[in-house]
Amino acid sequence: MKILESISSIAGKYFAVWVILIATIAFIAPAPFLVFKGYITILLGVVMFGMGLTLKAVDFKLVITKPIPVIIGVCAQFIIMPVTAFLIAYFMNLPAELAAGLVLLGSVPGGTASNVMVYLAKGNVPLSITMTSISTLLAPIATPAIFLLLGGKWMPVDPMAMFMSIVQVIIFPIILGIVIRKFLPGVVEKCNSVLPLISVVAIILIVSAVVSGSADSIASAGFLTFAAVMLHNAFGLLLGYLTALVLKLDEGTRRAISIEVGMQNSGLGVALATAHFGPLAAIPSVCGAVWHNITGPILATYWSKRPANQGQISSGQEQEKKAI
């Protein structure tokens, strides 16, 4: 177990490196990774099951005790990211599938890796965890509705089918994780230290599956898509911070909202795009899986050297479990 814990720690710490490495290998030599293409939904379910195992009732406490920052953050998540994605896709005149994929990436909830980034950035970690949890639970309704409104310009949308997909790969695994934690807390506590390793392996397999299956498309449209994803992420981080600044929230809360808004659940974007729109539409989410995990640590490192002047960070050991 000690060895697994050490490997898990290294896997979480260098997550961006593993994603870039596996994406590069899968692009150069796609054949060995094509076998994982049919397991994308299952792999994402594994990641969400791990998230469910880490959730506690206290993660939702802020919704009752301090609802305003949570409401602001979640609204910013589901307004800034999809609208920004729509505008970037429109003004860059992206091909239909890539445009739809970018809007889909903007319409999914926040990624769980953001919790650790907020912790490293000396931000409001409880708010980050609550935002991730609430936005994820809202995703079955919010994501199809937003994509129908904005993404329907480029691709036909079946919101009910998308709703069912999100329930199957997000809600059911999370609920299962919560139930197991409730009835087997001792077992879960012993396994928590290796959960990041399982999540990292699942995510890099998802990335390898999509990259290997879309190598030709990435070669022809990769740079344009990556540029769009970079812009999208930059606007999310900036506008998330400015929203909290304009509304006069404290510095730790600004950092949390910035990172939560800017970092998306790219794995869900990949799964939905692959299931409903085709491999080309999944490329923006693949790029997001790489890029978000580069800018997140960079921004967290920058902020970590600047005190946030707020005492809302609890023990680091407790929050590190939320990685990935």
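With numbering that gives the first Met the number 0, letter number 207 in the sequence shown gets 206, and the count goes up by one each step, no holes. Where is the CB? At the ideal position from N, CA and C, for every residue including glycine.
Comparing C-alpha positions only, which one of Lys152, Leu54, Pro68 sits nearest to Gly251? Here residue 251 corresponds to residue number 252 of the sequence shown, with the count starting at 1. Nearest C-alpha to Gly251: Pro68.
What residues in its chain sit with their C-beta under 7 Å from that of Ala99, if we drop five residues either side in the sequence? Here the question's residue 99 lines up with position 100 in the sequence shown. Correct list, in chain order: Gly150, Trp153, Met154, Phe276, Ala280.
With H, G and I counted as helix, E and B as strand and the rest as coil, what does DSSP make of Gly109? Residue mapping note: residue 109 aligns to position 110 of the sequence shown, counting from 1. The answer is strand: DSSP assigns Gly109 an E or B state.
Selection from Val209, Glu259, Thr300, Phe222 that minimises the alpha carbon distance to Val18: On the sequence shown, position 19 is the one that residue 18 refers to. Ranking the options by Cα distance to Val18, first place goes to Val209.
Can the beta-carbon of Ser113 be found closer than 8 Å to that of Ile205? Along the sequence shown, one-based indexing puts residue 113 at 114. Along the sequence shown, one-based indexing puts residue 205 at 206. No, the pair does not count as a contact, with Cβ atoms beyond the cut-off.
Which residues in the same chain have their Cβ closer than 7 Å to the Cβ of Met229, if we skip the five residues on either side of it in sequence? Against the sequence shown, residue 229 aligns to sequence position 230. Within the same chain, Met229 has close Cβ partners Trp290.
Does the stretch 59-78 come close enough to the stretch 34-45 that 3 or more CB-CB pairs lie under 8 Å? no
Please tell me whether Leu175 has its Cβ less than 8 Å away from any Cβ of chain B. Although the question refers to chain B, the structure presented lacks it and comprises just one protein chain.
Alpha carbon of Ile197 to alpha carbon of Ile203, nearest angstrom: Here residue 197 is taken as the residue at index 198 of the sequence shown, counted from 1. Here residue 203 is taken as the residue at index 204 of the sequence shown, counted from 1. Computed Cα separation, rounded: 10 Å.
Whole-Å CB distance - Ala272 paired with Leu103, under 8 Å assumed: To locate residue 272, count along the sequence shown from 1; it is residue 273. To locate residue 103, count along the sequence shown from 1; it is residue 104. Yes, they are in contact, since the Cβ atoms of Ala272 and Leu103 sit about 6 Å apart, within 8 Å.
Residues in the same chain with beta-carbon distance under 6 Å from Gly268, minus the five sequence neighbours each way, listed in chain order, please. The sequence position of residue 268 within the sequence shown is 269, counting from 1. Closer than 6 Å at Cβ, skipping near neighbours: Leu103, Leu104, Val107, Ser284.
Separation of Ser211 from Ala218, as counted between CA atoms: Taking the first residue of the sequence shown as position 1, residue 218 is located at position 219. Taking the first residue of the sequence shown as position 1, residue 211 is located at position 212. Those two C-alpha atoms are separated by around 11 Å.
Tell me, which residues are paired with Gln263 by DSSP? Counting from 1 along the sequence shown, the entry for residue 263 is found at position 264. Answer is Gly109.
Presumed contact (8 Å Cβ cut-off) between Pro172 and Met47, rounded CB distance: In the sequence shown, residue 172 corresponds to position 173, counting from 1. In the sequence shown, residue 47 corresponds to position 48, counting from 1. Contact holds; Cβ gap of about 4 Å.
Whose CA, out of Ala28, Gly51, Leu33, lies closest to the CA of Pro278? Along the sequence shown, one-based indexing puts residue 278 at 279. Selected option, being the one with the closest Cα: Leu33.
Tell me the residue span of the alpha helix (DSSP H) that contains Ala160. Start at 1 with the first residue of the sequence shown, and residue 160 comes out as number 161. Ala160 -> alpha helix (DSSP H) spans 158-165.
Return the chain-ordered list of same chain residues with a C-beta closer than 6 Å to the C-beta of Val166, the five sequence neighbours on each side being excluded. Position 167 of the sequence shown, counting from 1, holds the residue named residue 166. Closer than 6 Å at Cβ, skipping near neighbours: Pro139.
Residue range of the unbroken alpha helix (DSSP H) whose run includes Met130: As a first step, residue 130 is located in the sequence shown; it is residue number 131 there, counting from the start. Element bounds for Met130: 124-149.
Using C-beta distances below 6 Å, list every residue in its chain close to Pro158, excluding the 5 sequence neighbours before and after it, in chain order. Working through the sequence shown from its first residue, we reach residue 158 at position 159. Contacts found: Pro143, Leu147.
Let's see if you can read the secondary structure: which residues bound the alpha helix (DSSP H) around Thr290? As a first step, residue 290 is located in the sequence shown; it is residue number 291 there, counting from the start. For the record, residue 290 in the displayed sequence is Trp; it is not Thr. Run containing Trp290: 278-303, per the alpha helix (DSSP H) assignment.
Selection from Asp215, Phe59, Ala227 that minimises the alpha carbon distance to Thr129: Here residue 129 is taken as the residue at index 130 of the sequence shown, counted from 1. The option with the nearest alpha carbon to Thr129 is Phe59.
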